[in-house]
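Residue numbers (my numbering): -3 to 232.
Each residue gets a CB set at the ideal place from its N, CA and C atoms; glycine is no exception.
Please read all numbers here as calculations on a predicted model, not as lab measurements.
Below is one structure, written out as structure tokens, with a few remarks after it.
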């Protein structure tokens, strides 16, 4: 068993008390690795994904492939698009949304969370923060490399960015989307859990900024997932 897989299994067991759990399954690598680890930790999973009404979703199609492969029941939530103004007003007033990302995340959560059948909801929400694998730090690293900045200095910038990201994630009063998502789940009587926030996983993922992190996660679980169906590129 790879180190990441072992640590994720242990993290699931630490953060989750219930045997029956829901999982937010996007069809991407992060939620899929959590699903595999949860199964290996003995959890009985019920997956939930979503698509906007009237719009074909490749993420939903990938989630269906993964759910069938892992033999997990899957509910597809159709999120309506005809009452955006009402829903955004509710997000702003009731859930204290204040940033673009919070509205983007919260809009679907309004409909998805209430359809989750179990109190505990597993997710891989914060996995990419370990690798600073989102648009801003990826572009920053590319710019530093073009400017001839040393690997040691780029690694220092990388670690600094990652530390700031997790400070925000773990601060319940920050504008990060994770504390907001946790509050939204609590409103529906649910608890949102992310095994990727377990400190041992953070210590194990202090890797080079040049590593293809999504491919590394895929190979860590290679015997348990249809890699060809996964998107192995950084988020944009």
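Range covered by the alpha helix (DSSP H) that runs through residue i
i           : result
residue 68  : Element bounds for residue 68: n/a, residue is neither H nor E.
residue 201 : Premise fails: residue 201 is in no alpha helix (DSSP H) and is neither H nor E.
residue 86  : 80 to 90
residue -2  : Element bounds for residue -2: n/a, residue is neither H nor E.
residue 37  : Taken as a continuous stretch (DSSP letters only), residue 37 belongs to no alpha helix (DSSP H), as it is neither H nor E.
As assigned by DSSP and simplified to three states, the class of residue i
i           : result
residue 17  : strand
residue 75  : strand
residue 155 : helix
residue 182 : helix
residue 51  : coil
residue 11  : helix
residue 93  : coil
residue 22  : coil
residue 168 : coil
residue 145 : coil
residue 194 : coil
residue 225 : Below a pLDDT of 50, predicted positions are generally treated as unreliable, and residue 225, at 47, falls in that range; no measurement from the model is reported.
Proximal residues to residue i (C-beta, below 7 Å), its chain only, five neighbours per side dropped
i           : result
residue 170 : 164
residue 111 : 44, 71, 73
residue 168 : 175
residue 22  : 45, 55, 59
residue 99  : 84, 87, 93
residue 172 : 164, 165
Endpoints, beta strand (DSSP E) assigned at residue i
i           : result
residue 41  : 40 to 48
residue 188 : 187 to 189
Any C-beta of chain C under 9 Å from that of residue i
i          : result
residue 33 : The structure shown contains no chain C, having only a single protein chain.
Pick from the options that is closest to residue i, judged by C-alpha positions
i           : options            : result
residue 10  : 27, 28, -2, 33     : 33
residue 30  : 46, 75, 48, 6      : 6
residue 126 : 24, 91, 3, 197     : 197
residue 130 : 109, 161, 108, 145 : 161
residue 80  : 109, 49, 36, 3     : 49
residue 24  : 14, 183, 53        : 53
residue 180 : 109, 146, 148      : 109
residue 184 : 63, 62, 91, 201    : 91
Cutoff 6 Å; reference residue i; Cβ partners in own chain excluding five residues on either side
i           : result
residue 26  : 120, 123
residue 16  : 40, 114
residue 118 : 17, 19, 30, 34, 189
residue 157 : 128, 133
Residue i Cβ short of 8 Å to the ligand HEM heavy atom set
i          : result
residue 74 : For the ligand HEM, the structure offers nothing, since it holds no ligand at all.
Can you check the region 96 to 141 for any beta strand (DSSP E) of at least 3 residues that lies completely inside it and give the ranges in chain order?
116 to 118
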